[in-house]
Structure formats: C-alpha cells, structure tokens
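J.: Protein chains in written order, with this note's numbering: chain A, 1 to 551; chain B, 1 to 214.
Heads up, the beta-carbon is just placed ideally off N, CA and C, and yes, glycines get one too.
Sharing a structure below in structure tokens format, with a few things to ask.
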Amino acid sequence: MTSRIFKSILSAAVVVLITSLVIITGVLYQYFGNIQENQLKDELSFAAGATEQLGIKYLEDCSSDNYRLTWVASDGVVLFDSHADAETMENHSDREEIKEAFFYGSGSSVRQSSTLIEQTIYEATRLGDGSVLRISVSRASAMVLVLGMIQPIAIVLLIAAVLSAVLAKHMANRIVEPLNQLDLDKPMENDVYEELSPLLHRIHAQHMEIKKQMQTLKQKQDEFNQITSNMKEALVLLDSTGRILSINPAARILFHTVLSCIGEDFLKIERKQNIRIALEEVKKSGHSDFRDKKNGRDYQFDLSRVDSDNRDQGVVILAFDITEQVNAENHRRQFTANVSHELKTPLQSIIGSAELIENGIVKEEDLPRFVGHIRKEAARLVALIDDIIRLSQLDEGTDMPFEDVSLRVLSEEVCETLADAARLKNISLEVTGDDGIVHGVPRLLYEVIYNLCDNAIKYNKTDGVVKIHVEEKTNTVSLSVQDTGIGISSEHQEKIFERFYRVDKSHSKQSGGTGLGLSIVKHAVQVHGGKITIESELNKGTTMTIVLNKE
Amino acid sequence: MRNRFDEQLFELNRELIEMGAMCEEVIGLAMNALKTGDIKLAKTVKEQGSSIDQIERDIESRCMKLLLHQQPVAKDLRLISAALKMITDMERIGDQAEDIAEIVVSLNGSAAYDHSLIDQMGFEVIRMVTNSVDAFVKKDVDLAQKVIEQDDAVDTYFLNAKRSIMGMISEKSADGETALDLLMISKYLERIGDHATNIAEWVIYSVTGTHKGV
Numbered sequence: 001m002t003s004r005i006f007k008s009i010l011s012a013a014v015v016v017l018i019t020s021l022v023i024i025t026g027v028l029y030q031y032f033g034n035i036q037e038n039q040l041k042d043e044l045s046f047a048a049g050a051t052e053q054l055g056i057k058y059l060e061d062c063s064s065d066n067y068r069l070t071w072v073a074s075d076g077v078v079l080f081d082s083h084a085d086a087e088t089m090e091n092h093s094d095r096e097e098i099k100e101a102f103f104y105g106s107g108s109s110v111r112q113s114s115t116l117i118e119q120t121i122y123e124a125t126r127l128g129d130g131s132v133l134r135i136s137v138s139r140a141s142a143m144v145l146v147l148g149m150i151q152p153i154a155i156v157l158l159i160a161a162v163l164s165a166v167l168a169k170h171m172a173n174r175i176v177e178p179l180n181q182l183d184l185d186k187p188m189e190n191d192v193y194e195e196l197s198p199l200l201h202r203i204h205a206q207h208m209e210i211k212k213q214m215q216t217l218k219q220k221q222d223e224f225n226q227i228t229s230n231m232k233e234a235l236v237l238l239d240s241t242g243r244i245l246s247i248n249p250a251a252r253i254l255f256h257t258v259l260s261c262i263g264e265d266f267l268k269i270e271r272k273q274n275i276r277i278a279l280e281e282v283k284k285s286g287h288s289d290f291r292d293k294k295n296g297r298d299y300q301f302d303l304s305r306v307d308s309d310n311r312d313q314g315v316v317i318l319a320f321d322i323t324e325q326v327n328a329e330n331h332r333r334q335f336t337a338n339v340s341h342e343l344k345t346p347l348q349s350i351i352g353s354a355e356l357i358e359n360g361i362v363k364e365e366d367l368p369r370f371v372g373h374i375r376k377e378a379a380r381l382v383a384l385i386d387d388i389i390r391l392s393q394l395d396e397g398t399d400m401p402f403e404d405v406s407l408r409v410l411s412e413e414v415c416e417t418l419a420d421a422a423r424l425k426n427i428s429l430e431v432t433g434d435d436g437i438v439h440g441v442p443r444l445l446y447e448v449i450y451n452l453c454d455n456a457i458k459y460n461k462t463d464g465v466v467k468i469h470v471e472e473k474t475n476t477v478s479l480s481v482q483d484t485g486i487g488i489s490s491e492h493q494e495k496i497f498e499r500f501y502r503v504d505k506s507h508s509k510q511s512g513g514t515g516l517g518l519s520i521v522k523h524a525v526q527v528h529g530g531k532i533t534i535e536s537e538l539n540k541g542t543t544m545t546i547v548l549n550k551e
Numbered sequence: 001m002r003n004r005f006d007e008q009l010f011e012l013n014r015e016l017i018e019m020g021a022m023c024e025e026v027i028g029l030a031m032n033a034l035k036t037g038d039i040k041l042a043k044t045v046k047e048q049g050s051s052i053d054q055i056e057r058d059i060e061s062r063c064m065k066l067l068l069h070q071q072p073v074a075k076d077l078r079l080i081s082a083a084l085k086m087i088t089d090m091e092r093i094g095d096q097a098e099d100i101a102e103i104v105v106s107l108n109g110s111a112a113y114d115h116s117l118i119d120q121m122g123f124e125v126i127r128m129v130t131n132s133v134d135a136f137v138k139k140d141v142d143l144a145q146k147v148i149e150q151d152d153a154v155d156t157y158f159l160n161a162k163r164s165i166m167g168m169i170s171e172k173s174a175d176g177e178t179a180l181d182l183l184m185i186s187k188y189l190e191r192i193g194d195h196a197t198n199i200a201e202w203v204i205y206s207v208t209g210t211h212k213g214v
C-alpha cells in the first residue's frame, strides 16, 4: 500500500518536474534566442555601415571576442575573418546565409556543431560593393543547458522522493487506518468509505451464507450422530486407506473398542479372515456381505464401497444382529421337519392297516381292531392338526375377545374334564386358593390350564397327586400346577417349550400327545403378557407356575 | 517426505497385523483338522502357509526399503527392526502349523485315540498367538508380558502330553507311529508357543526399547 502510493506520488512529481523543465527551458531558450538574434542584427548593421566607410581597416580594428566577423567578396572568397586566417579559408559562396545575402540583401542561418554542444547563429548582409559581411555568434545548445542543470534537478528529484515517501506513508496510514479498524464480523455496522460498501455488503452476505451452511452442517452432523448413536446396528465408516472415520456406539461394543480408535487402521480392531476378505472384495466389486458369530451372537456384515466422482472414498460397514432371525429360521426348519414327520407317522400306520384290510389278509374277527386302529390314528392326526392350527393362530395373533375370568373356576372345569384320565392312574386332583380374576381370553386360559394338568397327570406316577393353587397378589395372579411325577432334568427345562420337543423321545407314542402342548401354553401366556416358570427335580415332581397381570 | 514415511509405516503395521491374523487362523485350522480328522481342511492349511510366506517376503522388502530410503531413528527404527524379527517367528508359526496339518493328513483321520490334552494345548497356544498379535496391535506391554508367562503353561502341557503318550505306548493303546506323530504335534505346538513368546518380546522391545536378550 505505502509503496504503491509512494510510487504514484513520486512518478507524478517527476513527470510534473520534467514537463515544466522542458516547457520553461524551451520558452526561455526561444526568448533569449530572439533577443540574441536582434542584437546580432543590430551589431551587423552597425558593422556593415562602418565597413562601407572604413573598409577592412575597421574590421581589423574592431576585433571582438563575442562576435566573429567575416567579410566575403562577391565571388565567395573570404576577404577577412576575425577569428581565423582569411587566406586559408575556403570559398564561402555556397553557405546558406551568404547565398541568401547575395540574393536578397540579407540572410541568416543556424548551424549545429558536430558535437551538438554548440549552436552558431549567422547573420549576413550585402554591402554596397556586392560583397557580404557576416557576423556570427556561438551559444550553448538547449541540451547543454539542460545537462548543466542535472545537478540541481537531481537534488530536486531527491527532495521529491523523500517528500513523496513521507507523504505516501502518511497517506497510506490515513487511508488504511479506517480499513484496519473495520469490524469484519459485523460488516454492516462500519462507517467508512463509501467505495467499500459493496465489499462490505458482499462480506455480510457471505457471512450469512457461511453461518447458514455451518448451521445446516452442524444439524446434519447432529442428526447423523443421533441416528448412528441410537441405532442398534453397528456402523463403521472407513476412508480409502482403511482408517476409521466414524464408529457408532453399537459398533464400539461389537468390536470391543473405544472412541479413540478413530483414525486408526480398522484391522487394529478387527483382523479376522472373513472381514479381511470382505474388505478386499468390496474394493473390487463395490459390495460384499458375510455372516459371522461375534460375542456369542450372529451378525450379518454388509460392506459397501462409497464412490464419489468416480473415486474410491471409503467403505461403509454395517453389522446387524440376526440372532433372532437365525434362531427363527432354525426353528422354522425344525418345525417343518417335525410336522412332516409327526404327520407322516400316523398316516403310515393308517396306510399299513388299510393295505392289510384291502388285501384281505385281516381275518373277519380282527377287522374291528384294525378299523379301530385306523380311527385312533386318524383321531391323533386330527388332534395334531388342531394343535398346529391353534399354534398358528397364536402366531398370527388373531384377535380374541378379552373378558374377566376366574382362574379357579377354569381350573375346576379342567379337573372335571380330566377326572377320568386321573382316575385311571389313581391320581388325586386338588384345586385350592383364591378366585384369581384376570382379564384374558377364557378359551386360551382354559387351554393353558388343561395342558399343564394333562401333562401333570400324564407324566405322574400311579397314586400321585396334582395340586392346582391359585393365588392373588396386588397386581398379579399366579397359578401353579404341582405334580409328584417323574420330573424334568435341568438340561431339558429350557427346551420343553419348543415345538415337538420330547424329553423321552422313545415313549412319545405311549404317553400320547402331540408335542405341541407346552408350546401352546407358552404362546398363550405370552399373549396375556404373563410369565411361566418351572421348578423341577427328577423323580420328585414338577411345579409349573404362570404369573398373569390382573389387567 | 515424512508424510510418505508415515504412510509406509502405516502399511507396514497393517501387513504385520494381517500376517499375525493369518498365523492365528492357520493354527486354528490345523488344530481343527486334527480334532475332526478332516483331511480337506488339513490341505487348506498348506495354501494358507504359502500365503504367509508371501506376505513375509513382502514385509521383509518393505522393511529393507524403509531402512535404506528413510533411515529411520528411535521408535520407528525399533518398530522396523522388531518387525523384521517378528515376521521370522510368524513365518515359523505358519510352517509348524503346516507340519501339524501334514501329520493330520498322514494320520488319515484315524482319531481312535484320546488327544483332548493336545486339543487343550492347541487352544492355549492359539490364545498365546492371539494375545501376542493383540499386544502388537495395541502396543500393549502388559499383554505381551502375559504371553511370556503363558509359555510356562504350554511347557507344562507339553510335559503332560509327553507323559500321556508314554502311557499310551506302554499300554499299547496306540501304535508306535501314531504315538510319535502325536509327540511331534505337541512338540510343534510347544515351539509355536516359543515363537509367540518371541513375538511378545519383540513387541516389548518396539515399545520400550529394551529386549530381554539385548
């Protein structure tokens, strides 16, 4: 800033100085030149008059240092010269001023010396006898004058330079000071040069824009953080070199790491082969996925490459917990296999009996037994299908009417129904406790109690006891079915609620039942938002307790 | 210039982790093959072993280049020299896993003897290798120290395995060849444990600058 101002001031000063110098020199030179010329003419006419009267004698007498007088005869031969020997001088008839004088009576000319340092002015006049008298004077040329002034000019220039430096500094400070004091954070509140206001407006507009963009960016970042930190899925972002850019809390738990791993190599937190292969594949094909067990759960890992402007920007790793899904798949597969098996067994038996009858192998008197067998197996099939339908209804969660119902009343109904079966094994059924009113689906609750009691009788010993106890608490009602039967060992306790699970697979046919009873119980209790617990000791008996909310 | 150096150190670190992970996997595979008598599995160990050799050469040349071109000092120099030592141990681990797999192939799935002790030993050795790689990844001196202590447990396992094999021979419950094969396997495992200990020692060196033998 200062140097720019300095330069412009200095150059202005120099230009002004030089132009004025040139103009003044030119004008003065012209003026003095004219005066000199007139003097010369006066001198010449005086000398011409004197020469006409006195001849060469005058010329010889009046030898002046200032002027040079030359007398040229009419044929151009030099008769006299005040500064040189006339004898040695050449013929002057071709000189301009002399030619003019011969012709017009007077002549003049100016000639530069060969070095341009001097200028000679000639004036000539014709005398009465036809000869010509010439006077000349030398003076310094304009350039010499200027050259002579170089020293003062240099001093002036130096002064100008110093002055303009001081001035420039001062001016720059004065111009810049308000600029320095501009508050760019609040551009519109400044009161400075008018010329700056477009700039300030622009800055203001950009300020606003940046602010807005920052806000949007922050909002986006917050949203992203909120979403990723609350999502159950593990999310890791990697840059193109494989360093971690972002890792959400779920992923930190999954990979047993802390937030400070950001910027580290992803292989540092997970180096298993399948993920390394997947990372390589994702670089090539843009996507890869695999399943893996981690921390005892099943995870599905999805890797995708992030491309932007056709450049590999990194990789997104998303891992979600598919344990439930895998379990459900396994269950479904097992269930399908079980169902087909369970359905096939009675049918095989029916086909067998029917074939025997068809081929006439069965004797007349055995026929009722075989037909009875077919009927029994068909009934078993129907019971099985009924159970499956009921289970699928529970799975579907079909709307069922909820109403207030007494568990005690239901238990007594169940006991009546099962009285015959109990009597066969000489088992006593007891119902004790409160009314136990709950809000539920009577049909399902009946089913629950029926299945529990049915099992309690089926897996009891002869002369055993089945106790049903209903107990009301502040918010809940519990119903327990206690038997004195064979009991269930702890390894089976978890699994008995699975479909078609049998503790003793070889005796399933003997005890009857479909293997779906407890599945139905579990589902029905879940529909009511209740819990089922089991306490059992081998050969001592089992107590199944369900706890239901009153509401 | 430095940036490029940092980038190369990062790559070196990554390759070391990869190689470590490969070693873990290859012993895991070999032990699995032994447990199940799966010959196909045992044969994949060989492929893994050759890729370990390949990565060893890669790391070696990378280390040499780094040493020549960058002339590292202090921590970086320790890392690179420790890397050069570690890859030798890792490569040996890979070789020994291959040897185990070869024995599994020659046993030809005859699993009619009790090798639960060797299985346990294998489990312990795999844990040692995993820990030593983890110690390298996390630059964790305590974990490395733990690996060195674990080696004693593996040595005890080896003695027990030797005794039980001697028992087998005297009871004639296994033929001589099988018994010797089992002894070889347990020896290999014991050696792998020693290599894991070496790795742990070099990890300690690269972090603290002191090595047991230096």
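Looking at the unbroken beta strand (DSSP E) that takes in A:VAL137, where does it start and where does it end?
T.: If you number the first sequence from 1, residue 137 of chain A lands on position 137. From DSSP, the beta strand (DSSP E) with A:VAL137 extends over 132–140.
J.: Should A:VAL438 and A:VAL477 be called a contact, given that it needs their Cβ atoms to be closer than 9 Å?
T.: Position 438 of the first sequence, counted from the start, is the residue given in the question as residue 438 of chain A. Position 477 of the first sequence, counted from the start, is the residue given in the question as residue 477 of chain A. Closer than 9 Å, so yes.
J.: Using CA coordinates, which residue listed in B:GLU18, B:ILE199, B:GLU24 and B:GLU60 is at the minimum distance from B:GLN145?
T.: Counted from its first residue, the second sequence places residue 145 of chain B at position 145. Closest by alpha carbon: B:ILE199.
J.: Using a Cβ cut-off of 9 Å (strictly closer), state whether B:ALA21 contacts chain A.
T.: One-based indexing of the second sequence puts residue 21 of chain B at position 21. So yes, B:ALA21 belongs to the interface.
J.: So with Cβ pairs under 9 Å, would you call B:VAL147 a contact of chain A?
T.: Walking along the second sequence from the start, residue 147 of chain B turns up at place 147. By this cut-off, B:VAL147 is not an interface position.
J.: Cβ of A:GLY242 less than 9 Å from any chain B Cβ?
T.: Looking up residue 242 of chain A in the first sequence gives position 242. Yes - at least one Cβ of chain B is within 9 Å of the one on A:GLY242.
J.: Along the segment 243–265 of chain A, where does the CB come closer than 7 Å to a CB of chain B? Name the residues.
T.: Under the 7 Å Cβ criterion, the segment 243–265 of chain A contributes ASP265.
J.: A:LYS272 CB to nearest chain B CB: under 9 Å?
T.: Translated into the one-based positions of the first sequence, residue 272 of chain A becomes position 272. Cβ-Cβ to chain B under 9 Å: yes for A:LYS272.
J.: Can you tell me where the beta strand (DSSP E) with A:ILE532 in it begins and where it stops?
T.: Here residue 532 of chain A corresponds to residue number 532 of the first sequence, with the count starting at 1. Note, A:ILE532: beta strand (DSSP E), 531–537.
J.: Can you name, in chain order, every residue of its own chain whose Cβ lies under 7 Å from the Cβ of A:ASN248, other than the five neighbours on each side?
T.: Taking the first sequence and counting its residues from 1, the one referred to as residue 248 of chain A is at position 248. Around A:ASN248: THR228, SER229, MET231, ALA234 and LEU235.
J.: 9 Å is my cut-off, CB to CB: does A:LEU237 come that close to chain B?
T.: The residue you call residue 237 of chain A lines up with position 237 of the first sequence. Not one chain B Cβ lies under 9 Å of A:LEU237.
J.: Using a Cβ distance threshold of 8 Å, determine whether the segment 143–162 of chain A contacts the segment 10–18 of chain A, with at least three qualifying pairs required.
T.: Yes, since at least three Cβ pairs between the segment 143–162 of chain A and the segment 10–18 of chain A fall closer than 8 Å, the two stretches touch.
J.: One question on the structure: do A:LEU479 and A:ILE457 come within less than 9 Å of each other, judged by their Cβ atoms?
T.: The count along the first sequence starts at 1 and reaches residue 479 of chain A at position 479. The count along the first sequence starts at 1 and reaches residue 457 of chain A at position 457. No, Cβ-Cβ distance for A:LEU479 and A:ILE457 is not below 9 Å.
J.: Could you check the C-alpha separation between A:ASN225 and A:SER490 for me, to the nearest Å?
T.: Taking the first residue of the first sequence as position 1, residue 225 of chain A is located at position 225. Taking the first residue of the first sequence as position 1, residue 490 of chain A is located at position 490. Their backbone Cα atoms lie some 45 Å apart in a straight line.
J.: Report the CB separation of B:VAL154 from B:GLU190 in whole angstroms; it is logged as a contact under 8 Å.
T.: For the purposes of this step, residue 154 of chain B is taken as residue 154 along the second sequence, with counting starting at 1. For the purposes of this step, residue 190 of chain B is taken as residue 190 along the second sequence, with counting starting at 1. Right, their Cβ atoms sit about 6 Å apart.
J.: Would A:ARG276 pass as an interface residue toward chain B - the criterion being a Cβ-Cβ separation below 9 Å?
T.: Locating residue 276 of chain A in the first sequence gives position 276, where the first residue counts as 1. It does; some Cβ of chain B falls within 9 Å.
J.: Excluding the five sequence neighbours on either side, which residues of its own chain have a C-beta within less than 8 Å of the C-beta of A:LEU145, listed in chain order?
T.: The count along the first sequence starts at 1 and reaches residue 145 of chain A at position 145. Counting only Cβ-Cβ distances below 8 Å, and skipping sequence neighbours, we find THR25 and TYR29.
J.: Ignoring anything shorter than 3 residues, give me the beta strand (DSSP E) runs that lie fully in the segment 81–166 of chain A, in order along the chain.
T.: Listed in chain order, the complete beta strand (DSSP E) runs (minimum 3 residues) inside the segment 81–166 of chain A are 106–112, 118–126 and 132–140.
J.: What does B:ASN13 touch in chain C if you count any residue whose Cβ is under 7 Å from its own?
T.: Chain labels in this structure do not include chain C; the protein chains are A and B.
J.: Just the Cα atoms here: how many angstroms apart are B:ASP95 and B:GLN54?
T.: Residue mapping note: residue 95 of chain B aligns to position 95 of the second sequence, counting from 1. Residue mapping note: residue 54 of chain B aligns to position 54 of the second sequence, counting from 1. Near 12 Å, if we compare the C-alpha coordinates of B:GLN54 and B:ASP95.
J.: What separation, rounded to the nearest whole angstrom, lies between the Cα atoms of A:ASP243 and A:PHE266?
T.: In the first sequence, the residue the question calls residue 243 of chain A occupies position 243. In the first sequence, the residue the question calls residue 266 of chain A occupies position 266. The identity of residue 243 of chain A in the sequence shown is Arg, whereas the question assumes Asp. Straight-line Cα distance between these residues: approximately 6 Å.
J.: Which bits of chain A does B:ILE103 rub up against, with CB to CB less than 9 Å?
T.: Within the second sequence, numbered from 1, the residue matching residue 103 of chain B stands at position 103. Result: empty, since nearest Cβ-Cβ is about 23 Å, beyond 9 Å.
J.: Got a sec? Which residues, its chain only, sit under 7 Å from A:VAL326 by beta carbon, not counting five neighbours each side?
T.: The sequence position of residue 326 of chain A within the first sequence is 326, counting from 1. Excluding sequence neighbours, A:VAL326 sits near ASP298.
J.: B:TYR157 lies in the alpha helix (DSSP H); which residues open and close that run?
T.: Numbered from its first residue, the second sequence carries residue 157 of chain B at position 157. 141–171 is the extent of the alpha helix (DSSP H) around B:TYR157.
J.: Near A:GLY555, what residues of its chain come up, given a Cβ to Cβ distance below 7 Å and the 5 sequence neighbours on each side ignored?
T.: An answer regarding residue 555 of chain A cannot be provided, because it is not within the stretch 1 to 551 covered by chain A.
J.: Using C-beta distances below 6 Å, list every residue in its chain close to A:TYR555, excluding the 5 sequence neighbours before and after it, in chain order.
T.: There is no way to answer for residue 555 of chain A, as the model of chain A reaches only from 1 to 551.
J.: At least one CB of chain A closer than 9 Å to the CB of B:VAL137: is that the case?
T.: Position 137 of the second sequence holds residue 137 of chain B. Output row for B:VAL137: interface = yes.
J.: Which residues of the segment 74–106 of chain B have a Cβ closer than 9 Å to any Cβ of chain A? Give them in chain order.
T.: Of all residues in the segment 74–106 of chain B, none has a Cβ within less than 9 Å of some Cβ in chain A.
J.: Here's the rule: buried if 16 or more other CB atoms are within 10 angstroms of the residue's CB, otherwise exposed. What is A:GLU396?
T.: If you number the first sequence from 1, residue 396 of chain A lands on position 396. Exposed, since its Cβ has fewer than 16 Cβ neighbours within 10 Å.
J.: What did DSSP end up calling A:VAL315 once you bin it into helix, strand or coil?
T.: The sequence position of residue 315 of chain A within the first sequence is 315, counting from 1. It is a strand residue.
J.: What does DSSP give as the partner residue(s) for A:LYS294 in the beta ladder?
T.: Your numbering for residue 294 of chain A matches position 294 in the first sequence. Partner(s): A:ARG297.
J.: Is A:ASP454 buried or exposed, if buried means 16 or more other CB atoms sit within 10 Å of its CB?
T.: The residue given as residue 454 of chain A occupies position 454 in the first sequence. A:ASP454 comes out buried.
J.: Do A:SER136 and A:GLU118 have their beta-carbon atoms positioned less than 9 Å apart in this structure?
T.: Locating residue 118 of chain A in the first sequence gives position 118, counting from the first residue. Locating residue 136 of chain A in the first sequence gives position 136, counting from the first residue. No, Cβ-Cβ distance for A:GLU118 and A:SER136 is not below 9 Å.
J.: Quick check on A:LYS268 - is its C-beta less than 9 Å from some C-beta in chain B?
T.: Looking up residue 268 of chain A in the first sequence gives position 268. True, the Cβ-Cβ gap to chain B drops below 9 Å.
J.: Which whole-angstrom value describes the C-beta separation of B:GLN63 and B:ALA83, a residue pair presumed to lie in contact below a C-beta threshold of 8 Å?
T.: Working through the second sequence from its first residue, we reach residue 63 of chain B at position 63. Working through the second sequence from its first residue, we reach residue 83 of chain B at position 83. It should be noted that the sequence gives Cys, not Gln, for residue 63 of chain B. The Cβ separation is near 6 Å, so the contact holds.
J.: Under 8 Å, with one C-beta from each stretch per pair, do the segment 44–54 of chain B and the segment 151–167 of chain B reach the 3-pair mark?
T.: Contact fails: fewer than three Cβ-Cβ distances are below 8 Å.
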